[in-house]
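Just so you know, we're using UniProt numbering here: the sequence shown kicks off at 1 and counts up by one.
Here a beta-carbon is modelled for each residue, glycine too, at the ideal position from N, C-alpha and C.
Just so you know, these numbers come straight off a predicted model, no measurement behind them.
Shown next, in structure tokens, is the structure this report addresses.
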Amino acid sequence: MNVFRGLISIPRISCVSQIYSARQLSSTLPLSTKRTYDKFYKITKQLQPIDKNVYEIGQERPDNISIPKDLPEFPKYEYEPRFFKRQNRGLYGGLQRKRSKSCSEYLNKTLRAHRPNAQWTKLWSETLNRRLRLRVATRVLKTISKEGGLDQYLLKSTPARVKTMGLKAWQLRYRILQEREQKQRGNVTLSDGTTKPIQYISSNGLKFHATKDAMLSELYEAVQRDSYYPIKPFHFERDYSWLSYEEIVKKLEQYNWDFSELATK
Numbered sequence: 001m002n003v004f005r006g007l008i009s010i011p012r013i014s015c016v017s018q019i020y021s022a023r024q025l026s027s028t029l030p031l032s033t034k035r036t037y038d039k040f041y042k043i044t045k046q047l048q049p050i051d052k053n054v055y056e057i058g059q060e061r062p063d064n065i066s067i068p069k070d071l072p073e074f075p076k077y078e079y080e081p082r083f084f085k086r087q088n089r090g091l092y093g094g095l096q097r098k099r100s101k102s103c104s105e106y107l108n109k110t111l112r113a114h115r116p117n118a119q120w121t122k123l124w125s126e127t128l129n130r131r132l133r134l135r136v137a138t139r140v141l142k143t144i145s146k147e148g149g150l151d152q153y154l155l156k157s158t159p160a161r162v163k164t165m166g167l168k169a170w171q172l173r174y175r176i177l178q179e180r181e182q183k184q185r186g187n188v189t190l191s192d193g194t195t196k197p198i199q200y201i202s203s204n205g206l207k208f209h210a211t212k213d214a215m216l217s218e219l220y221e222a223v224q225r226d227s228y229y230p231i232k233p234f235h236f237e238r239d240y241s242w243l244s245y246e247e248i249v250k251k252l253e254q255y256n257w258d259f260s261e262l263a264t265k
């Protein structure tokens, strides 16, 4: 008994104060490292890189670049999917084809493919003023109704919306933006009573209503007059057909061209 009493009488060392003092030395608590996980990895992992270099006239052409015969109708889409290309022809909202398998008690594997639930439907576009028959995923239909319409869904410019909209939605977005720009420019009434849309407004206030082909024909006549040798249409198209409407107007201004039949004030 005396032995146990001696053990009890031994003074005990408290470890709580030591732990508390050690904790006081650390200024901040250790934080877990955040994982940088790309939510749209299935879309972005197989992207085809787009050449964004701006080439000038007279520059040596790289071997891997070919000059197209006609100008593209739409700008290039940076997030065009190369896997499950069916979503390029509809509004799928980034939904991909998935695979799964089930294994029986005899270890027989049954492979399955799960495709997005996409239905043919007609959606109204306020800007284009017509119904568009599209193949749309049911999840995207809910998003369109929540956004307030097809135009609001396509014109939203968040990174997630641009990555998941797909090629078809990108082309519709470009058409809607072009139509809205045309409506902002307005129309002009000519002397004979006909109404034509305004194609371009110059810095001096001239409102051009002629089409781009008509402007190119005027530029061809101006270049033909200024040249000592006759210019073939093939060479003219190669050198001038890719110019924008604004650049064509500036070229004609250099020749002091008469715009009375092409534009109004």
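{"Item": "Beta-carbon contacts of Leu206 that lie in its chain and below 7 Å, excluding the five residues immediately before and after", "Value": "Phe259, Ala263, Lys265"}
{"Item": "Which listed residue (Asp70, Lys76, Phe83, Tyr77) has its alpha carbon closest to that of residue 303", "Value": "Nothing about residue 303 can be read from this structure; the chain reaches only from 1 to 265."}
{"Item": "Alpha carbon of Val162 to alpha carbon of Ile201, nearest angstrom", "Value": "30 Å"}
{"Item": "Three-state secondary structure (DSSP) of Tyr55", "Value": "coil"}
{"Item": "Contact belief for Leu190 with Arg173 at Cβ below 8 Å, rounded distance in angstroms", "Value": "Not quite, the Cβ-Cβ distance comes to about 32 Å (not below 8 Å), so this is no contact."}
{"Item": "Ala118 versus Glu181, Arg133, Ser104, residue with shortest Cα-Cα distance", "Value": "Arg133"}
{"Item": "Extent of the continuous alpha helix (DSSP H) to which Asp82 belongs", "Value": "Reading the sequence as shown, one finds Arg at residue 82 and not Asp. It is not in any alpha helix (DSSP H) - Arg82 carries neither H nor E in the DSSP assignment."}
{"Item": "Where Lys250 falls: helix, strand or coil (DSSP)", "Value": "helix"}
{"Item": "Distance, Leu128 Cα to Arg112 Cα", "Value": "40 Å"}
{"Item": "Residues that Leu134 bridges to, as DSSP identifies them", "Value": "Thr121"}
{"Item": "Inter-stretch contact (C-beta, 8 Å, three-pair minimum) for the segment 63-78 and the segment 89-106", "Value": "no"}
{"Item": "Touching by the beta-carbon criterion (3+ pairs, under 8 Å), the segment 135-145 and the segment 93-100", "Value": "yes"}
{"Item": "Beta-carbon proximity list for Ile248, same chain, < 6 Å, skipping 5 on both sides", "Value": "Met215, Leu219"}
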